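Accompanying notes for the structure given below.
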Amino acid sequence: MVIVGGGASGTLLAVHLLRSARAPFRVALVERSGRPGRGLAYSTTSPCHLLNVPAARMGAFAEDPEHFLRWVRRELPAAAPGAFIARQRYGRYLEAALREARAHAAQDVHLEVVASDVAAIEETEAGTVRLALADGGRLEARAAVLALGNALPSNLRVPDGGLYASRRYHRSPWAPDALRGVAPQDDVLLIGTGLTMVDTVLSLREQGHQGPIHALSRHGLLPQLHREGAQEGATAYASPGIREALRALRHELRRERGDAAGPHPLTPRIRPVLRLVRREVRRAAEAGADWRTVVDALRPVTVPLWRRLPVGERQRFLRHLRAYWDVHRHRMAPSIGETVERLRREGQLTLHAARIQGFSLEASGVAVRLRPRGQRGEAVLHVRHVINCTGPEGAMTRGHPVLGALVETGRASPDALGLGLATDADGALLDAHGRASGRLYTLGPPRRGELWETTAVPEIRGQARALAWHLLQRLAHARAWHPPTESAGAALDG
Numbered sequence: 001m002v003i004v005g006g007g008a009s010g011t012l013l014a015v016h017l018l019r020s021a022r023a024p025f026r027v028a029l030v031e032r033s034g035r036p037g038r039g040l041a042y043s044t045t046s047p048c049h050l051l052n053v054p055a056a057r058m059g060a061f062a063e064d065p066e067h068f069l070r071w072v073r074r075e076l077p078a079a080a081p082g083a084f085i086a087r088q089r090y091g092r093y094l095e096a097a098l099r100e101a102r103a104h105a106a107q108d109v110h111l112e113v114v115a116s117d118v119a120a121i122e123e124t125e126a127g128t129v130r131l132a133l134a135d136g137g138r139l140e141a142r143a144a145v146l147a148l149g150n151a152l153p154s155n156l157r158v159p160d161g162g163l164y165a166s167r168r169y170h171r172s173p174w175a176p177d178a179l180r181g182v183a184p185q186d187d188v189l190l191i192g193t194g195l196t197m198v199d200t201v202l203s204l205r206e207q208g209h210q211g212p213i214h215a216l217s218r219h220g221l222l223p224q225l226h227r228e229g230a231q232e233g234a235t236a237y238a239s240p241g242i243r244e245a246l247r248a249l250r251h252e253l254r255r256e257r258g259d260a261a262g263p264h265p266l267t268p269r270i271r272p273v274l275r276l277v278r279r280e281v282r283r284a285a286e287a288g289a290d291w292r293t294v295v296d297a298l299r300p301v302t303v304p305l306w307r308r309l310p311v312g313e314r315q316r317f318l319r320h321l322r323a324y325w326d327v328h329r330h331r332m333a334p335s336i337g338e339t340v341e342r343l344r345r346e347g348q349l350t351l352h353a354a355r356i357q358g359f360s361l362e363a364s365g366v367a368v369r370l371r372p373r374g375q376r377g378e379a380v381l382h383v384r385h386v387i388n389c390t391g392p393e394g395a396m397t398r399g400h401p402v403l404g405a406l407v408e409t410g411r412a413s414p415d416a417l418g419l420g421l422a423t424d425a426d427g428a429l430l431d432a433h434g435r436a437s438g439r440l441y442t443l444g445p446p447r448r449g450e451l452w453e454t455t456a457v458p459e460i461r462g463q464a465r466a467l468a469w470h471l472l473q474r475l476a477h478a479r480a481w482h483p484p485t486e487s488a489g490a491a492l493d494g
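Throughout the sequence shown, residue numbering follows the UniProt record's numbering, covering 1 to 494 in sequence.
The structure is reproduced here in structure tokens:
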């Protein structure tokens with residue numbers, strides 16, 4: 001079989017396949033760089049870019065969440081369970097986990113790393129998947145998993161006045177040369193105020209930037225901080241508290257429908273869920289705990305709750321609550337939060353709650369037309385550079401040409417929200433008629449619209465384990481990978 005993409009999703013899937021497969025089994029992992037485990041998130045070389053989850057929860061295996069912590073302690077013996085480790089180190093950990101799984105795989109279970117891109121995918125009448133590689137090679141397999149991760153940010157759909165084609169615009173803050181041309185004293189606008197913006201601020205500071213930095217989003221909200229040294233007993237409070245609250249919510253919903261004892265499945269609504277969360281936060285505070293314990297306790301129930309929400313309720317959440325959920329759910333490490341706050345106090349970093357109306361190039365830089373939140377009039381901000389920190393493209397089929405082509409031909413379909421791909425419970429792609437493919441699968445960010453909580457390692461590792469088991473069962477006793485033809489030209493790392 002073939003895994004397309006060697007970031008965290010693809011690497012974790014490969015690890016689980018290698019650990020569980022019985023011979024004969026061969027898997028090809030197609031990764032542009034030829035180095036699985038990095039992807040966008042962990043390819044950074046900056047020691048300032050930290051994980052936003054404590055080390056004790058970042059293990060590659062759900063049954064052993066401290067696996068990463070033990071690995072880190074080989075190099076950093078004093079690393080605490082709550083430490084926030086550099087992301088580049090986590091990339092090395094994923095590489096090491098893959099090497100170990102490869103070395104201990106059963107006899108005649110093999111992994112081949114293909115250093116290339118996939119240009120096109122087609123399903124054959126013989127029941128296989130044929131992949132055309134960007135370098136002219138081909139792969140053919142019984143199944144393919146699209147572990148494509150996140151797409152690049154999209155350009156704002158406003159008049160750009162030529163900005164997007166100029167050297168003053170930086171579309172991807174993750175590109176190796178993302179900040180090339182930004183002088184130390186330049187005024188810079190960062191579009192977005194989430195974790196991507198925070199990383200970009202740290203990168204600017206690391207290269208000695210001293211000029212004004214403006215960060216803008218519709219709400220102007222910064223990610224909240226992880227608490228350093230969680231309060232003792234907080235988790236014990238929050239977990240049963242949330243379970244009891246959810247049970248109470250189910251009763252409330254039944255009362256509203258007038259069928260308290262009815263067997264019919266409930267259709268939750270956002271407003272009662274929001275009331276529940278606010279009530280639990282108050283109770284947590286009264287018990288000496290913290291709102292973070294409530295948000296974290298929701299994590300195990302987020303996916304089933306999301307899947308039961310009607311599409312209209314999910315859309316209501318995205319319109320009105322997403323920004324607030326994101327800043328509370330995806331938090332900064334305390335040390336990073338201190339740096340950001342210091343830059344704001346010193347006046348170097350300024351937050352704006354506004355919408356961008358358009359751009360125009362000037363002799364000295366860029367004029368940015370803004371509409372501040374809650375105001376009717378416009379304002380103009382003059383900067384030298386604009387960096388897109390809005391995060392991954394919202395509609396993945398636009399950000400990934402391969403996914404776009406699958407949707408255009410009807411072999412895949414967008415989810416109901418247009419955030420990713422429609423899938424069945426196992427991650428198999430659904431075609432334009434809603435039929436599940438037996439040959440094309442995905443995991444991680446492409447399932448965002450249907451699972452919502454699907455972009456962090458604790459969720460991806462669970463998906464990887466479940467999908468590996470499903471694929472191995474489905475492909476049992478069958479050859480899972482055909483080697484590339486002699487003219488393939490793909491660089492194989494054996």
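From the three backbone atoms N, C-alpha and C, an ideal C-beta is built for every residue, glycine too. Keep in mind it's a predicted model, so treat the numbers as computed, not measured.
Check: Starting from the N-terminal side, write out each stretch of the alpha helix (DSSP H) that is 4 residues or longer and does not extend beyond the segment 399-462.; Outcome: 401-408 and 448-451
Check: Going by DSSP, which residues form a beta bridge with Ala379?; Outcome: Leu370
Check: Pull the bridge partners of Tyr169 from the DSSP assignment, please.; Outcome: Val386
Check: Name the residue from Ala289, Arg371, Ala464 and His470 whose alpha carbon lies nearest to the alpha carbon of Ala62.; Outcome: Ala464
Check: Whose CA, out of Thr454, Leu472, Leu18 and Pro445, lies closest to the CA of Gly5?; Outcome: Pro445
Check: For Ala80 and Tyr90, I'd like the C-alpha separation in whole angstroms.; Outcome: 15 Å
Check: Is the separation between the beta-carbon of Ala56 and that of Pro65 shorter than 8 Å?; Outcome: yes
Check: At 4 residues or longer, and completely inside the segment 87-151: list those alpha helix (DSSP H) runs for me, N to C.; Outcome: 87-103
Check: Measure the beta-carbon distance from His352 to His214 and round it to whole angstroms, keeping in mind my assumption that it falls under 8 Å.; Outcome: 6 Å
Check: Which same chain residues, not among the five before or five after Val340, have their C-beta less than 8 Å away from its C-beta?; Outcome: Val198, Val201, Leu222, Met332 and Leu349
Check: For Ser364, count neighbouring Cβ atoms within 10 angstroms of its own Cβ and tell me buried if that reaches 16, exposed if not.; Outcome: exposed
Check: Rounding to the nearest angstrom, what Cα-Cα distance links Pro268 and Val303 in this structure?; Outcome: 13 Å
Check: How close, in whole Å, do the beta carbons of Ala284 and Val294 come, if the pair is a contact with beta carbons under 8 Å?; Outcome: 5 Å
Check: Check Met197 in the structure and name its three-state DSSP category.; Outcome: helix
Check: Smallest Cα separation from Gly220: which of Leu403, Ala323, Gly358 and Ser172?; Outcome: Ala323
Check: Which ranges does the beta strand (DSSP E) cover as unbroken runs of at least 3 residues, wholly within the segment 12-52, from first to last along the chain?; Outcome: 25-30
Check: In the DSSP assignment, what are the bridge partners of Ser154?; Outcome: In the DSSP output, where bridge partners are listed per residue, Ser154 has none listed.
Check: Less than 8 Å between the C-beta atoms of Gly427 and Tyr441, yes or no?; Outcome: yes
Check: From Leu361 to Val182, what does the alpha carbon distance come to, in whole angstroms?; Outcome: 16 Å
Check: Can you tell me where the beta strand (DSSP E) holding Ile3 begins and where it ends?; Outcome: Val2 to Val4
Check: Which residues in the same chain have their Cβ closer than 8 Å to the Cβ of Leu40, if we skip the five residues on either side of it in sequence?; Outcome: Gly7, Gly149, Asn150 and Trp174
Check: Note the first and the last residue of the continuous beta strand (DSSP E) segment covering Glu362.; Outcome: Leu349 to Glu362
Check: Between Arg102 and the rest of its own chain, which residues show a CB-CB distance below 7 Å, the 5 nearest in sequence each way excluded?; Outcome: Leu18 and Leu111
Check: Are the segment 407-416 and the segment 378-385 touching by the rule of at least three beta carbon pairs closer than 8 Å?; Outcome: no
Check: So, for Ser20: in the same chain, excluding its five sequence neighbours on each side, which residues have a beta-carbon less than 7 Å away from its beta-carbon?; Outcome: Ala468, Trp469 and Leu472
Check: State the Cα-Cα distance for the pair Val76 and Thr454, rounded to the nearest angstrom.; Outcome: The question names Val, yet the displayed sequence has Leu at residue 76. Roughly 29 Å separates the two Cα atoms.
Check: For Arg371 and chain C, any beta-carbon pair shorter than 8 Å?; Outcome: Looking for chain C here will not work: only one protein chain is present.
Check: Count the other CB atoms, across all protein chains shown, that sit within 10 Å of the CB of Thr45; report buried if there are 16 or more and exposed otherwise.; Outcome: exposed
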